[in-house]
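Peer 1: So that we are looking at the same thing, I have put the structure below in C-alpha cells.
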Amino acid sequence: MMSSGALGLFVLAVCMSAGWCVPLKKTVYVTFPGDVLKNMTDMELAESYLKRFGYMNVQQRSGFQTMVSTPKALTRLQRQLGLEETGRLDKATITAMKAPRCGVPDVSSYRTFAGDRKWDHTDITYRVLNYSPDMEESLIDDAFARAFKVWSDVTPLTFTRLYDGIADIMVSFGKGEHGDGSPFDGKDGLLAHAFGPGDGIQGDAHFDDDENWTQGNGAVVKTLYGNADGALCHFPFLFEGKQYSTCTTEGRTDNLPWCATTADYGKDQKYGFCPSELLYTFDGNSNGKGCVFPFVFLGKTYDSCTTEGRSDGYRWCSTTDNFDVDKKFGFCPNRDTAVTGGNSEGEPCQFPFVFQGKQYDACTSEGRGDGKLWCATTSDYDADRKWGFCQDSGYSLFQVAAHEFGHALGLDHSNIRDALMYPIHMYMENFSLNKDDVEGIQFLYGPKTGPDPTPPGPIPTKKEPEPDVPTTESTIITTTHPVDPSQNACQIDKFDTITELKGELHFFKDGQYWKLSSKNKGGLKGAFSMSERWPALPAVIDTAFEDSATKNIYFFSGTKFWVYTGKSVLGPRSIEKLGLPSSVNKVEGSLQRGNGKVLLFSGENFWRLDVKRQTIDKGYPQFTDVVFGGVPNDAHDVFRFKGHSYFCRERFYWRMNSRKQVDRVGYVKYDILQCRNS
C-alpha cells in the first residue's frame, strides 16, 4: 500500500513531468452556527494563562498590582511544567498552554478559597450530587470509588459514601458558569477543579460536563437487558455480514439501539441494549422511567429530548405524555454517537446526512479549518444546520477524579511529569502513583498501616431482570430536581432573593416564600403564598429590606419598588425615584448599614441609599470587589444575617465578617437551610 507521503510525491512528479496539473479544488470553510472559537493570539493566550494559574497577579479595581515580569512568570511556568526554562514564549510553552488540564491554580497563594492544609480526621465522607450523561451511573460510581482507593491504598484514610446530607467532599458535574465563581470553558481546556480541605465548598470537586467522560480510550457503553448480563459493547462487531463501530437499530422494529458484546453476533448471539432515552432516564423525579414521545411542555409538543426550560444545557424529557399536568421528568442519557458542542449537544449523529449537497456516512472534517470531526444531527445539514463534534477517546474520569481528590485532600500541583498531581492531564494506560504523589500525601497523613492493600473489587450492583419489555426501576438514589420548583425549599437551587424581615430569614421563589428563625427555633416554615401577605407584589422579587427606623418593608422587582407599611402599600414606583441611574435594570441585593442607610447592589456596583431622604448619597456607585474583596461581582442575593453579610451566587454563598473578610464559603441549601435529603 502506498503511504500518503509517497502518494503526494508521486502526484507532484507527474505534474512536473507533464508540465501541467489540474489545480486542486480550494477548500471552502463554513461558519457553523453555535461554534465557539477561541481566536486568541499566542500572547493573549499566555497573558490569560499566566494570570489564571497564579503566575501573574490579576489587576484589581484599585489599580494595585504586584508587578511580575512576563519573562519571569514564563520561567516559573516552564519550571512547574518541566519545560526548558527559556523565559520566552516558545513553541513548547504554547503547546503546553493549549493542553487539557486541571483548573486549580499552580501557585497556591493565588487560590481563591484557601482551605486548611489537611483534614483533621481520617474517615473522609463523600457524596455524588449528580451524574454525567456520558457514562452509565454505575460506571461513574465505580470510577469515583477507584479514584478514592488510589489514596486510601497508601494512607490511613478511609472514604465513606453518603447518599444525603453534607459530606466532606461533595462531587458534582456542571457546565460553564456552575455557581462557584470558577467557570469552566467548554470542551477541552479546563477539565475539572477542586477545593482544599475545610468547611462549606472546601473539599468539593467539580467536573466539566462539556467534556466527553470515558475510561480514557473511547466511549464506554454498558449494556442493559439483552442476554449479556450488563457486559460492555464490543466495537467493532459483525451483524449479518456488516461491521458496526457504534450501537445500531438494525434488525429491530422498536428503534431501540443495541450492540453485540462479542466480535461476532452471528456466532455468539450475545447482545444488550445501549443507553437510550426510550429505555431509561436518570436523576429527575420519575425513578428512571423512559421518555414518552410526544409530550407536552408549556403547551408545546416535543418529539425528542429538549433543553427548553433549563439554563444548564442538560437534555430532559417528560416521562408521561403531558409534563404540564403530571410534572414527571428525567434527564436523557447520551447515546454512544452523541455529539459534544455545536448547537445539538447530546443529540446523536444522523447517518447519512447531506452537507453542501454531498452525502456523508461517517463523521467528517469537511468545512472546518481546524480538522475536527463533526456530523449533522439531522439528515440534512443544509436545511436544518444542526450539528456537533463527534466523540473522541474522551478523558478518563477515574484518572481526572484521582487528581482532583488529591487537591480535596490538600495536595498542590507537582512539577513531575509522571506524577498524578501534574497539572496537565495525560492518560496513563497502566496507571500507578508516582513516588512524588505518595510522598506528598504521606507527608500530610502518614503511611498506611496494616496489611498490603487488595485489588479493588467490583462495585455491588443490583442485577436487573430480563423481561420481554424492558423495565427501568432505578437502583441509584438521585438528587436532581424537577424543572419547576415544588413546595419544598430544599428542592430549589437558586432563590429569587433571600432577606431578613421581622427577625426571620425569608426565602422567596416564584410567588412563594419560606421563613427561618434567626434563632433556628422550629426549623424552616412554609411554603407561604406571597399574594396572601403582600397582594400588590409581583411573583418575582429581586431584593427586599426592612427599614430599622420605621419598620417599613421595601420590595424591589425589575425597575420598580414597593413600600409596605403594615397592610398599606405605596407603589409601584420607579427605582429612579430613589436616585438610581436608568442603566440599572434591577437591584439584586441590599445591606443595612445603620443610621438609616442601606446599600443597594446591582451588577459590579453598589449605591448607598438614605432611606429617610429617599436619595442616593454622594460618592456612589462604588465597585463591589474593591470594598468587599473576595466576593463575586455578580452576586444575585446580598443580605445580612446573624451579624454577617452574605453574597450568594447560584448554589453558593460567601460570608463576610465585620472586618470585611470572607470567613466562609458554602452551600445555601446545606449550610443555611440545613437540608438533609436533597
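Those letters in the sequence shown? Residues -21 to -1, 1 to 657, per mature numbering (1 follows the signal peptide of the UniProt record, and there is no 0), in order. Note that beta-carbon positions come from the ideal geometry of N, C-alpha and C, so glycine has one too.
Just to confirm, are D147 and I103 a CB contact at a threshold of 8 Å?
Peer 2: Along the sequence shown, one-based indexing puts residue 147 at 168. Along the sequence shown, one-based indexing puts residue 103 at 124. Yes, the pair counts as a contact, with Cβ atoms nearer than the cut-off.
Peer 1: Pairs of beta-carbons, one from the stretch 503 to 511 and one from the stretch 641 to 648, closer than 8 Å: are there three or more?
Peer 2: No contact exists between the stretch 503 to 511 and the stretch 641 to 648.
Peer 1: For S553, is the classification buried or exposed, using 16 other Cβ atoms within 10 angstroms of its Cβ as the cut-off for buried?
Peer 2: Working through the sequence shown from its first residue, we reach residue 553 at position 574. Flag for S553 reads exposed.
Peer 1: By DSSP, does D533 sit in helix, in strand, or in coil?
Peer 2: In the sequence shown, the residue the question calls residue 533 occupies position 554. The sequence given here has Tyr at residue 533, not Asp. If DSSP states are grouped into helix, strand and coil, Y533 belongs with the strands.
Peer 1: Would you tell me roughly how many angstroms separate the C-alpha atoms of D616 and T476, rounded to the nearest one?
Peer 2: The sequence position of residue 616 within the sequence shown is 637, counting from 1. The sequence position of residue 476 within the sequence shown is 497, counting from 1. Using only the alpha carbons, I get a separation of about 5 Å.
Peer 1: Less than 8 Å separating the beta-carbons of L399 and N413?
Peer 2: One-based indexing of the sequence shown puts residue 399 at position 420. One-based indexing of the sequence shown puts residue 413 at position 434. In this structure, N413 lies closer than 8 Å to L399 by Cβ.
Peer 1: Tell me whether V605 is buried or exposed, calling it buried when 16 or more other Cβ atoms sit within 10 Å of its Cβ.
Peer 2: Within the sequence shown, numbered from 1, the residue matching residue 605 stands at position 626. Exposed: under 16 other Cβ atoms inside 10 Å.
Peer 1: What are the complete alpha helix (DSSP H) segments, minimum 4 residues, inside the stretch 358 to 395?
Peer 2: 360 to 363 and 376 to 387
Peer 1: Starting from V644, trace the beta strand (DSSP E) in both directions and tell me its first and last residue.
Peer 2: As a working mapping, residue 644 is identified with position 665 in the sequence shown. Start and end: V641 to Y646.
Peer 1: Looking only at its chain, what residues have a beta carbon closer than 7 Å to the beta carbon of G292, apart from the 5 residues adjacent to it on each side?
Peer 2: If you number the sequence shown from 1, residue 292 lands on position 313. So the list reads K154, T286 and E324, once near-sequence residues are dropped.
Peer 1: Please name the residue, chosen from T240, C253, I180 and L235, that lies closest to D113 on a Cα-to-Cα basis.
Peer 2: Looking up residue 113 in the sequence shown gives position 134. The option with the nearest alpha carbon to D113 is C253.
Peer 1: Rank D340, W366 and Q329 by C-alpha distance to the C-alpha of R347 and give the top, closest one.
Peer 2: Numbered from 1 along the sequence shown, position 368 holds the residue referred to as residue 347. Distance check between R347 and each of D340, W366 and Q329 places W366 closest, using alpha-carbon atoms only.
Peer 1: Within this structure, are the beta carbons of F332 and Y360 separated by less than 8 Å?
Peer 2: Translated into the one-based positions of the sequence shown, residue 332 becomes position 353. Translated into the one-based positions of the sequence shown, residue 360 becomes position 381. Their beta carbons are under 8 Å apart, which means F332 touches Y360 by this criterion.
Peer 1: Count the other C-beta atoms from every protein chain shown that fall within 10 angstroms of the C-beta of D208, then say buried if there are 16 or more, exposed otherwise.
Peer 2: Your numbering for residue 208 matches position 229 in the sequence shown. Exposed, by the Cβ-count rule.
Peer 1: Just the C-alpha distance for N206 and N301, rounded to the nearest angstrom, thanks.
Peer 2: Taking the sequence shown and counting its residues from 1, the one referred to as residue 206 is at position 227. Taking the sequence shown and counting its residues from 1, the one referred to as residue 301 is at position 322. Here the alpha carbons of N301 and N206 stand approximately 34 Å from one another.
Peer 1: Does DSSP classify R572 as helix, strand or coil?
Peer 2: Here residue 572 corresponds to residue number 593 of the sequence shown, with the count starting at 1. Strand at R572.
Peer 1: With a CB to CB cut of under 6 Å and the five nearest residues on each side skipped, what residues in its chain are close to G608?
Peer 2: The sequence position of residue 608 within the sequence shown is 629, counting from 1. Contacts found: none.
Peer 1: For Y401, is the classification buried or exposed, using 16 other Cβ atoms within 10 angstroms of its Cβ as the cut-off for buried?
Peer 2: Within the sequence shown, residue 401 is the residue found at index 422, counting from 1. The residue in question, Y401, is buried, as its Cβ has 16 or more Cβ neighbours within 10 Å.
Peer 1: Answer with buried or exposed for M76, where buried requires no fewer than 16 other C-beta atoms within 10 angstroms of its C-beta.
Peer 2: In the sequence shown, residue 76 corresponds to position 97, counting from 1. Buried: at least 16 other Cβ atoms inside 10 Å.
Peer 1: Please classify G94 as buried or exposed, where buried requires at least 16 neighbouring CB atoms within 10 angstroms.
Peer 2: Reading the sequence shown from its first residue, position 115 is the one you call residue 94. Legend: pLDDT at G94 = 45, less than 50; position of this residue unreliable, value from coordinates given subsequently. It counts as buried.
Peer 1: Counting only the same chain and skipping the five closest in sequence on each side, list residues whose C-beta sits under 6 Å from that of W633.
Peer 2: Working through the sequence shown from its first residue, we reach residue 633 at position 654. The residues are V610, F626, V641 and V644.
Peer 1: Using DSSP bridges, identify the partner residues of T476.
Peer 2: In the sequence shown, residue 476 corresponds to position 497, counting from 1. Bridge partners of T476: F487.
Peer 1: Please classify F302: does DSSP put it in a helix, a strand, or coil?
Peer 2: Position 323 of the sequence shown, counted from the first residue, corresponds to residue 302. It is helical.
Peer 1: Spatial neighbours of D363 within its chain, please: C-beta separation below 6 Å, excluding the five flanking residues on both sides.
Peer 2: Counted from its first residue, the sequence shown places residue 363 at position 384. The residues are T357.
Peer 1: Could you have a look at K546 and say whether DSSP puts it in helix, strand or coil?
Peer 2: By one-based count along the sequence shown, residue 546 stands at place 567. Reduced to three states, the DSSP call for K546 is coil.
Peer 1: Could you say which of C270, T319, N531 and P327 lies nearest to K307 if we only look at CA atoms?
Peer 2: If you number the sequence shown from 1, residue 307 lands on position 328. Closest option to K307, Cα to Cα, is C270.
Peer 1: Less than 8 Å separating the beta-carbons of E567 and T522?
Peer 2: By one-based count along the sequence shown, residue 567 stands at place 588. By one-based count along the sequence shown, residue 522 stands at place 543. Going by C-beta atoms, E567 is nearer than 8 Å to T522.
Peer 1: Is there a Cβ from chain C that is less than 8 Å from the Cβ of G321?
Peer 2: Absent here is chain C; the protein component of the structure consists of one chain.
Peer 1: Within 10 angstroms of its Cβ, does residue 671 collect 16 or more other Cβ (buried), or is it exposed?
Peer 2: The question about residue 671 has no answer, for the chain in this structure spans -21 to 657.
Peer 1: Excluding the five sequence neighbours on either side, which residues of its own chain have a C-beta within less than 6 Å of the C-beta of E383, listed in chain order?
Peer 2: By 1-based counting over the sequence shown, the position of residue 383 is 404. Answer for E383: A171, A173 and A184, listed in chain order.
Peer 1: I'd like the list of long-range same chain contacts for A71, defined as Cβ closer than 6 Å, with 5 residues on each side in sequence excluded.
Peer 2: Walking along the sequence shown from the start, residue 71 turns up at place 92. Excluding sequence neighbours, A71 sits near L62.
Peer 1: Check whether the stretch 134 to 143 touches the stretch 217 to 225, taking contact to mean three or more Cβ pairs, one atom from each stretch, closer than 8 Å.
Peer 2: no
Peer 1: Using the rule of at least 16 other Cβ atoms within 10 Å of the residue's Cβ for burial, across every protein chain shown, is Q44 buried or exposed?
Peer 2: Here residue 44 refers to the residue found at position 65 when the sequence shown is read from its first residue. The predicted model places Q44 with a pLDDT of 42, which falls under 50 and marks its position as unreliable; any figure quoted below should be read in that light. Exposed: under 16 other Cβ atoms inside 10 Å.
Peer 1: Specify the secondary structure class of T228 as computed by DSSP and reduced to three states.
Peer 2: For this step, residue 228 is matched to residue 249 along the sequence shown. Residue state, collapsed to three classes: coil.
Peer 1: Tell me, to the nearest whole angstrom, how far the beta carbon of F123 is from that of V107; I am working on the premise that it is less than 8 Å.
Peer 2: As a first step, residue 123 must be located in the sequence shown, where it is residue number 144. As a first step, residue 107 must be located in the sequence shown, where it is residue number 128. Yes, they are in contact, since the Cβ atoms of F123 and V107 sit about 6 Å apart, within 8 Å.
Peer 1: Report back the beta-carbon spacing between V199 and L258 to the nearest angstrom; my notes put them in contact at under 8 Å.
Peer 2: Here residue 199 refers to the residue found at position 220 when the sequence shown is read from its first residue. Here residue 258 refers to the residue found at position 279 when the sequence shown is read from its first residue. V199 to L258, Cβ: 17 Å. No contact.
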